[in-house]
Structures are given as structure tokens and as C-alpha cells.
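The working numbering puts the sequence shown at residues 1 to 271.
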Amino acid sequence: MTENKFIIGTAPDSWGVWFADDPKQTPWERFLDEVVAAGYKWIELGPYGYLPNDPARLAEELKARDLKVSAGTVFTAFHRGRDQWEEAWEPARKVAELTAAVGGEHIVVIPAMWRDDVTGEAVESGELSAEQWDSLFKGHDELGRRLQEQFGLKQQFHSHADSHVENQTDIERLLQNTDPGLLTLCLDTGHAEYGGASSVDLIRKYPERIGYLHLKQINPDILAKVRAENKTWAQANLDGVMTEPPTGLPDLNEVILEVEKLDRPVFGIVE
Numbered sequence: 001m002t003e004n005k006f007i008i009g010t011a012p013d014s015w016g017v018w019f020a021d022d023p024k025q026t027p028w029e030r031f032l033d034e035v036v037a038a039g040y041k042w043i044e045l046g047p048y049g050y051l052p053n054d055p056a057r058l059a060e061e062l063k064a065r066d067l068k069v070s071a072g073t074v075f076t077a078f079h080r081g082r083d084q085w086e087e088a089w090e091p092a093r094k095v096a097e098l099t100a101a102v103g104g105e106h107i108v109v110i111p112a113m114w115r116d117d118v119t120g121e122a123v124e125s126g127e128l129s130a131e132q133w134d135s136l137f138k139g140h141d142e143l144g145r146r147l148q149e150q151f152g153l154k155q156q157f158h159s160h161a162d163s164h165v166e167n168q169t170d171i172e173r174l175l176q177n178t179d180p181g182l183l184t185l186c187l188d189t190g191h192a193e194y195g196g197a198s199s200v201d202l203i204r205k206y207p208e209r210i211g212y213l214h215l216k217q218i219n220p221d222i223l224a225k226v227r228a229e230n231k232t233w234a235q236a237n238l239d240g241v242m243t244e245p246p247t248g249l250p251d252l253n254e255v256i257l258e259v260e261k262l263d264r265p266v267f268g269i270v271e
């Protein structure tokens with residue numbers, strides 16, 4: 001890894017890429033070329049299947065553009081019970097295998113949302129029972145262990161709007177009940193702000209658990225309206241709740257200053 005303390009990169013979702021294959025999305029070759037034109041050196045893989053799945057082909061495309069991979073991304077729903085393990089592991093294994101093969105060191109792990117990310121309709125309760133929380137904790141510890149032992153990768157848990165790990169209390173509960181050696185945070189500044197969590201406070205309280213960052217901002221005026229009208233994450237995005245720095249919250253200068261105090265390499269992926 002580079003010796004820079006704060007390593008800036010980007011990801012396909014900054015180009016509106018959410019799916020492996022969608023004709024409305026930016027073609028992967030153009031994405032890589034535009035990443036280079038924008039001056040980035042590091043990228044995330046994005047949805048599995050968007051970039052070439054063959055490690056040799058992907059490595060060739062990256063080398064031709066002098067790009068490196070920071071992380072892959074997987075999705076989980078461990079709160080739903082043990083039967084979710086195999087459902088999560090097979091796609092996670094594929095992503096981990098590709099990530100490790102091209103030199104990545106991290107897997108960003110996103111929990112399932114309790115509202116449909118397209119329609120916004122509730123697909124389950126927004127609250128977890130004690131048993132469901134326990135299942136979630138154990139599932140992520142096991143995932144972190146397997147990623148580490150089989151691929152040498154680090155699990156970076158990404159709290160998410162309209163998921164069961166969204167606000168400060170949720171995030172702290174997760175950190176207090178999982179193994180620090182198996183799970184650290186992908187602190188997404190936009191999702192944290194959306195959920196009412198303080199990125200700066202989390203960095204100060206849990207410095208050893210900050211393993212990775214996604215950098216973005218929330219429009220506070222639109223967020224207030226979203227909260228007042230109880231809108232879903234899907235609706236909030238259509239309303240433009242995400243905004244370009246420096247017009248939103250949190251103050252990224254404050255976040256970056258706190259990260260630099262950690263005095264160790266940390267990725268900051270611009271989204």
C-alpha cells in the first residue's frame with residue numbers, strides 16, 4: 001500500500017453505476033478512462049460483473065491505466081438467520097477472490113435495507129429483536145474471519161440508510177458487540193449524516209475501528225424535509241439529498257483532520 005496516510009480514490013457509483021449490466025449505465029471502459037482523466041489512482045470494483053471478472057483481464061486493464069483496486073463490495077442480511085450465511089457467502093467469495101487477485105485489501109460490506117431500494121416499500125420491520133441483533137453480530141464476525149483467513153482481506157462494515165444499522169446508536173451497538181480484529185467501519189460520511197450519526201464523533205470514540213471511508217455530503221435542507229415527511233431513502237435520492245461538497249454536511253475538512261490524526265493509511269473513496 002502507498003505510504004500516504006489518507007489515500008483518495010473513487011468508485012463506479014460516482015458514475016451512477018449500481019448494477020452489473022444496465023444499458024443506461026456508463027460502459028466500464030469509459031468509466032476507467034474517465035477515472036484516469038479525473039486524476040484518480042485508486043478505485044473500488046463496484047457491482048460484481050461490471051468490471052471484467054477475469055483477474056488477468058482486469059489486471060491488464062488496470063495496469064494499462066496505472067490504476068489500483070482498494071476494495072470490492074458485498075451485501076448481507078445476517079439478521080434474518082443462519083440460513084442467510086450460504087446465501088451471502090457464495091457471492092462474497094467471488095468478490096473476495098477477484099479483489100484479492102488484483103491486489104485489493106478490503107471488502108466493503110453493506111447490510112440489507114428494510115425498505116425496498118427502488119419502490120421504498122417496507123419489506124420487513126425496521127426494528128430488530130435481540131435475537132436478530134445477535135445473529136447479525138455473529139454473522140459479521142464469521143464473515144470477517146473467513147475473509148481474513150481465506151483471502152487476507154479486511155471486512156469494512158458500511159452503515160446504510162433504511163437499514164437496521166443506520167444511526168449512531170445502531171453503529172455503536174455493532175462495534176460494541178463484534179470483534180475489532182474481524183470488523184472495522186467503512187465510515188460513509190453521507191449515510192452517517194443521513195442517519196443522524198456524527199462521523200467526527202465516531203472517529204474520536206472508536207479510532208481503532210475506523211478502517212475505510214466513503215466521502216460524501218448531505219443537503220441539510222432536503223434531509224429536514226425527508227425527515228418531516230418520513231420519506232424513504234429512494235425518495236430522498238430522487239429529491240437530491242446527496243450534494244456536492246462543500247455545500248452539504250458533514251464538514252469534510254473536519255472529518256479529514258480527524259482521520260489524519262489516526263496516523264495510519266486509510267482510504268477515502270469519493271462518492
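In this text, a Cβ means the ideal position worked out from N, Cα and C, and glycines have one as well.
Problem set entry | Beta-carbon proximity list for R115, same chain, < 6 Å, skipping 5 on both sides | A122, D162, T232
For this session: Return the chain-ordered list of same chain residues with a C-beta closer than 8 Å to the C-beta of M1, the five sequence neighbours on each side being excluded.
Result: In this prediction, M1 scores a pLDDT of 45, lower than 50, which makes its location untrustworthy; the coordinate-derived value is nonetheless stated afterwards. Taken in chain order, the residues that qualify are I7, E105, P265.
Exercise. Cα-Cα, which of F75, K225, P111 is closest to L238?
Worked result: K225
Problem set entry | Touch test, the segment 173-183 against the segment 134-148, Cβ-Cβ under 8 Å, three pairs minimum | yes
Exercise. On the three-pair Cβ rule with 8 Å, is the segment 80-92 touching the segment 50-63?
Worked result: no
Exercise. Below 8 Å between beta carbons: does that hold for L67 and I43?
Worked result: yes
Exercise. With C-beta atoms as the reference, is A71 less than 8 Å away from I110?
Worked result: no
Exercise. Between L223 and N253, what straight-line distance do the alpha-carbon atoms span, to the nearest angstrom?
Worked result: 21 Å
For this session: Have a look at the DSSP bridge pairing and note the partners of L213.
Result: Its beta-bridge partners are L187, G268.
Problem set entry | Inter-stretch contact at 8 Å, needing at least 3 Cβ pairs: the segment 123-131 / the segment 95-102 | no
Exercise. Does the distance from the CB of M242 to the CB of G190 come in under 8 Å?
Worked result: yes
Exercise. Bridge partners of P111, per DSSP?
Worked result: T76
Exercise. Is it right to say F151 is buried, meaning 16 or more other beta carbons lie within 10 angstroms of its own, or is it exposed?
Worked result: So F151 counts as buried.
For this session: May I have a chain-ordered list of the beta strand (DSSP E) segments no shorter than 3 residues that lie completely inside the segment 117-176?
Result: 154-157
For this session: Taking 8 Å as the cut-off, decide whether the C-beta atoms of F267 and L213 are in contact.
Result: yes
For this session: Drop a sphere of 10 angstroms on the beta-carbon of L257, count the other beta-carbons inside from all chains shown, and report buried for 16 or more, exposed for fewer.
Result: By the neighbour-count criterion, in which 16 or more other beta carbons inside 10 Å mark a residue as buried, L257 falls on the exposed side.
Exercise. Just to confirm, are P165 and V200 a CB contact at a threshold of 8 Å?
Worked result: First, the residue type needs correcting, since residue 165 is Val and not Pro in the sequence shown. No, these two residues do not count as a Cβ contact at 8 Å.
Exercise. With respect to the alpha helix (DSSP H) encompassing E105, which residues constitute its N-terminal and C-terminal limits?
Worked result: Careful: E105 lies outside any alpha helix (DSSP H) and carries neither H nor E.
Exercise. Ordered along the chain, which non-local residues of its own chain (more than five positions away) have a Cβ less than 6 Å from that of L174?
Worked result: Taken in chain order, the residues that qualify are V165.
For this session: Verify whether the separation of the beta carbon atoms of L32 and F78 is less than 8 Å.
Result: no
For this session: Please name the residue or residues paired with T243 in a DSSP beta bridge.
Result: Q217
For this session: Figure out for me which residue from G240, F19, E208 has the closest Cα to the Cα of D263.
Result: Measuring C-alpha to C-alpha distances from D263 to each of G240, F19, E208 identifies E208 as the nearest.
For this session: Inspect the beta-carbon positions of V274 and G39 and report whether they are closer than 8 Å.
Result: Missing from the structure shown is residue 274; the chain here goes from 1 to 271 and no further.
Exercise. Apart from the five residues on each side of it in sequence, which residues of its chain come closer than 6 Å, Cβ to Cβ, to K63?
Worked result: none
Problem set entry | Closest Cα partner of E193 within the set Y206, N177, Q176, H160 | Ranking Y206, N177, Q176, H160 by Cα distance to E193 puts H160 first.
Problem set entry | Nearest neighbour of G211, chosen from N167, N219, K154, R65 [CA to CA] | K154
Problem set entry | Beta-carbon spacing of A92, L143 below 8 Å | yes
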